[in-house]
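*Asks:* The structure that follows is given in the form of structure tokens.
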Amino acid sequence: MGGTQIAFEALKSGEIDLYPEYTGTALFVLLKTPPAKAKPLGNDRQKVYDYVRLEMQKRHRLLWLNPLGFNNTYAVLMRKRQVGLLGLKTISDFSAYLKNNTK
Numbered sequence: 758m759g760g761t762q763i764a765f766e767a768l769k770s771g772e773i774d775l776y777p778e779y780t781g782t783a784l785f786v787l788l789k790t791p792p793a794k795a796k797p798l799g800n801d802r803q804k805v806y807d808y809v810r811l812e813m814q815k816r817h818r819l820l821w822l823n824p825l826g827f828n829n830t831y832a833v834l835m836r837k838r839q840v841g842l843l844g845l846k847t848i849s850d851f852s853a854y855l856k857n858n859t860k
């Protein structure tokens, strides 16, 4: 089918009936929510969901369904041996290491 924008346009025009979408993608890509307006939502999944659901209804007359129970949270991966060699225990430790050891 294509990317988010193509699927969203197909949904709005009635070419498709539904497609799965992440709330974060809807918040910033589809609704183009300014950072100042998104900031009060923070990382609260429920607040983001409620905002997206309401805005999709108001702006596009689309019903945002219940969450499917998965997310696309980003993570940092590193080999255990490397973590030990660098003495890292937290992401903050890794951030400090990068700050002090890269140009």
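Following this note's numbering, the numbering of the sequence shown begins with 758 at its first residue and continues without gaps. For every residue, glycine included, the Cβ atom is placed at its ideal position computed from N, Cα and C. What you are looking at is a predicted structure, and each value in this text was computed from that prediction instead of being measured.
1) Around the C-beta of residue 840, are 16 or more other C-beta atoms found within 10 angstroms, so that it is buried, or is it exposed?
2) Give the straight-line distance between the Cα atoms of residue 844 and residue 837, rounded to the nearest whole angstrom.
3) Classify residue 773 as helix, strand or coil using the three-state DSSP reduction.
4) Around the C-beta of residue 853, are 16 or more other C-beta atoms found within 10 angstroms, so that it is buried, or is it exposed?
5) Whole-angstrom Cβ separation of residue 808 and residue 798, contact assumed at under 8 Å?
6) Please list, in chain order, all residues of the same chain as residue 828 whose beta carbon is under 8 Å from its beta carbon, the five residues on each side excluded.
7) Around the Cβ of residue 805, are there at least 16 other Cβ atoms within 10 angstroms (buried) or fewer (exposed)?
*Replies:* Taking the definition as stated:
1) Exposed: under 16 other Cβ atoms inside 10 Å.
2) Between residue 844 and residue 837, the alpha-carbon positions lie close to 10 Å from each other.
3) coil
4) exposed
5) 6 Å
6) 779, 802
7) Here residue 805 is buried. Its C-beta has 16 or more other C-beta atoms within 10 Å.
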